[in-house]
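Asks:
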Amino acid sequence: MPPIPAFIRSNPKLAFFALLAVAASGFGQTFFIAIFGGALREEFNLSNSWYGASYSGATLLSAFVLLGAGTLVDRWPLKRVAALGVLLLCGGCLVLAFAQSAWMLLPGFFLLRFAGQGFMTHMGMTTAGRYFTANRGKVIALAALGFPIAEALLPTSGSLIIEHSGWRSVWLLAAGLLLLAVLPTLLWLAGDAGKESPQEAQETSLDAGDYTRAQVLRDRGFWCLLPAALMTPFVVTAVLFHQGAIADERGWSLSVLAGAFGGYAAGHLLALFFAGGLVDRFGAQRSLPLALLPMVGALVLLAFSSAPWVPYVYLALIGIAQAGTGTAGSALWPERYGSTHLGAIRAVSQASMVFSTAASPLLIGLLLDKGINVMGVALLLAAIVVAASLLTLMAPLTAKQQ
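Be aware that the sequence shown starts at 1, since it is given in the numbering used here, and climbs by one per residue.
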């Protein structure tokens, strides 16, 4: 049996709990749900606008609900939180599997987006940030490996099953996998974590000087740092969603784009092996603006060149930035505010992330419809990223960081 890596040796079960929770969130992520788009529109005779509006509406509603439900990670034992997240995600799979009319897509999408993109991701990253201190960045990077693992396995396997057995069978298999494999494993890995009583938690919070969510929302530094933490999902969603329009203007073929997405995944995956160590060494707040630099370079390259090699390089740079900012952004809140109320604090940033991913495709779509070319859009996005990076310099360190 291979030795346990030193940075998770203090609690390997919780480290792998975080990794599995993030990977399981893939069943509610856009990269998996997107493979059902054609089948669902054909099955229920839906227009693109109706289908898109229902998905966006469910996503936005999930963000509002997460603001309240995200605090459960602070108040409930981890086993109970895991059971809730997996059962809701399983419920979303079953609603879609047995949907007989278009209106049933609405609760199905809501459960998938809330439990998958929202709650399971939130639970995994909060666990990584709360139960590890000295090597928090490395553990968060380990948990974030769940994203590329899910990206590599779920869309490909789901597409093959759709081709041979139909789209409903995929959702039935997903529900079975969640219920029979993911849930028991998470419950075993969770152990007795989070069973501290509310009174003990309050006393720990007072002794450690940890911030409550209300205190965080009154902290000017939080609002200076939040835009930088949101930049990667904002830009990545906008660029990937409108990749077809970008490719048409630049003259890139679909085969070139397919290969370039391999570079994006590789950049994301490889950078995760280094991002955690950098965050642990330099601190999350210092690392966050630095991690955005590859994204600025990617957008400037996209703006000024249409060479055939550009998609490979700019998407790889975006993947590197996603790994760095994802790790730094998740480590930032426990580093700055402590871990006692981390679930409530992270719920704000997670819900804000969902809002940003709903807004960016609409914003960039409006600009493209107005005749703004790829150069203009890319330079505008680069300027927004630079502004968000500079804004972090206005956030003073908290007492905990000092």
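Every residue, glycine too, gets a C-beta built ideally from N, C-alpha and C.
Would you kindly work out how many angstroms separate the C-alpha atoms of residue 201 and residue 73, rounded to a whole number?
Replies: Confidence at residue 201 is low in this model, with a pLDDT of 48, below 50, so the placement of that residue is unreliable and no value is reported for it.
Asks: Which of helix, strand or coil does DSSP assign to residue 397?
Replies: Residue 397 falls in the coil class under three-state DSSP.
Asks: Which stretch, first to last residue, makes up the alpha helix (DSSP H) that contains residue 35?
Replies: Taken as a continuous stretch (DSSP letters only), residue 35 belongs to no alpha helix (DSSP H), as it is neither H nor E.
Asks: Would DSSP call residue 48 helix, strand or coil?
Replies: It is helical.
Asks: Label residue 394 either buried or exposed according to how many other C-beta atoms from any shown protein chain fall within 10 Å of its C-beta, with 16 as the threshold for buried.
Replies: The residue in question, residue 394, is exposed, as its Cβ has fewer than 16 Cβ neighbours within 10 Å.
Asks: Going along the chain, which unbroken runs of the alpha helix (DSSP H) with 4 or more residues stay wholly within the segment 48-99?
Replies: 48-69, 72-75, 78-97, all fully within the segment 48-99.
Asks: For residue 402, is the classification buried or exposed, using 16 other Cβ atoms within 10 angstroms of its Cβ as the cut-off for buried?
Replies: Exposed: under 16 other Cβ atoms inside 10 Å.
Asks: If contacts are defined as beta-carbon pairs under 8 Å, then residue 349 and residue 234 qualify, I think. What distance do you get, rounded to the angstrom?
Replies: Residue 349 to residue 234, Cβ: 13 Å. No contact.
Asks: So is residue 285 buried or exposed if we call it buried at 16+ other beta carbons inside 10 Å?
Replies: It is buried - the Cβ of residue 285 has at least 16 other Cβ atoms within 10 Å.
Asks: Put residue 286 into one of helix, strand or coil per three-state DSSP.
Replies: Helix at residue 286.
Asks: Which residue's Cα is closest to the Cα of residue 280: 182, 18, 351, 140?
Replies: With distances taken between Cα atoms, residue 280 lies closest to 140.
Asks: Taking the beta carbon of residue 255 as the centre, do at least 16 other beta carbons fall within 10 Å, making it buried, or is it exposed?
Replies: Classification of residue 255: exposed, given that the 10 Å Cβ count is below 16.
Asks: For residue 302, which residues from the same chain have a beta carbon less than 6 Å from its beta carbon, with the 5 sequence-adjacent residues on both sides left out?
Replies: Counting only Cβ-Cβ distances below 6 Å, and skipping sequence neighbours, we find 314, 378.
Asks: Evaluate the contact criterion for the segment 99-112 versus the segment 370-386: three or more CB pairs, one atom per stretch, below 8 Å.
Replies: Flag = no, the segment 99-112 and the segment 370-386 do not touch.
Asks: Going by C-alpha distance, which of 111, 121, 224, 97 is nearest residue 173?
Replies: Taking only the C-alpha atoms, the option nearest residue 173 is 97.
Asks: Determine the direct distance from the alpha carbon of residue 318 to that of residue 154, and round the result to whole angstroms.
Replies: Rounded to whole angstroms, residue 154 to residue 318 spans 22 Å at the Cα level.
Asks: What's the call for residue 252, buried or exposed, on a 16-neighbour Cβ count within 10 Å?
Replies: Counting Cβ neighbours within 10 Å, residue 252 comes out buried, since at least 16 surround it.
Asks: Assuming residue 328 and residue 67 make a contact with CB atoms under 8 Å, what is their CB distance in whole Å?
Replies: In fact, because the Cβ distance is near 23 Å, the residues do not count as touching under 8 Å.
Asks: Here's a check: name, in chain order, each residue in its chain whose Cβ is nearer than 6 Å to the Cβ of residue 168, leaving out the five neighbours to either side.
Replies: Closer than 6 Å at Cβ, skipping near neighbours: 97.
Asks: Checking 8 Å against the spacing of the C-beta atoms, do residue 340 and residue 192 come in under that value?
Replies: Not a contact, by the Cβ cut-off of 8 Å.
Asks: Please list the segments of the alpha helix (DSSP H) lying wholly inside the segment 312-395, counting only runs of 4 or more residues, in order along the chain.
Replies: Runs of the alpha helix (DSSP H) inside the segment 312-395: 342-369, 374-391.
Asks: For the alpha helix (DSSP H) that residue 216 lies in, which residues bound it at each end?
Replies: Note, residue 216: alpha helix (DSSP H), 213-217.
Asks: Measure the alpha-carbon distance for residue 230 versus residue 289 and round it to whole angstroms.
Replies: Looking at the two C-alpha atoms, the distance is approximately 12 Å.
Asks: Of the choices 381, 17, 365, whose alpha-carbon is the least far from that of residue 182?
Replies: Nearest of 381, 17, 365 to residue 182, Cα basis: 17.
Asks: Determine, using beta-carbon pairs with one atom in the segment 321-337 and one in the segment 42-52, whether at least three such pairs fall under 8 Å.
Replies: As far as the Cβ criterion goes, the segment 321-337 does not touch the segment 42-52, which means the pair count is below three.
Asks: Determine the extent of the alpha helix (DSSP H) in which residue 185 is found, giving its start and end residues.
Replies: Here the alpha helix (DSSP H) through residue 185 covers 183-190.
Asks: Where does residue 138 land, buried or exposed, given buried means 16+ other C-beta within 10 angstroms?
Replies: The residue is buried, with at least 16 neighbouring Cβ atoms inside 10 Å.
Asks: So for residue 243, helix, strand or coil by DSSP?
Replies: Here residue 243 sits in helix by DSSP.
Asks: Just the Cα atoms here: how many angstroms apart are residue 203 and residue 325?
Replies: Any reading at residue 203 must be qualified, since the residue scores a pLDDT of 48, below 50, and its modelled position is unreliable; the value itself is stated next. Approximately 33 Å, taken between the alpha carbons.
Asks: Can you tell me the Cβ-Cβ gap for residue 29 and residue 150, rounded? I've got them flagged as a contact below 8 Å.
Replies: Indeed, because the Cβ distance is near 7 Å, the residues count as touching under 8 Å.
Asks: For residue 260, which residues from the same chain have a beta carbon less than 6 Å from its beta carbon, with the 5 sequence-adjacent residues on both sides left out?
Replies: Within the same chain, residue 260 has close Cβ partners 311, 312, 315.
Asks: I believe residue 345 touches residue 236 by the beta-carbon criterion, under 8 Å. Please report the beta-carbon distance rounded to the nearest angstrom.
Replies: That belief does not hold up - the Cβ atoms of residue 345 and residue 236 are roughly 23 Å apart, past 8 Å.
Asks: Cβ atoms of residue 396 and residue 283: under 8 Å apart, would you say?
Replies: Against a cut-off of 8 Å, the Cβ pair of residue 396 and residue 283 comes out as no contact.
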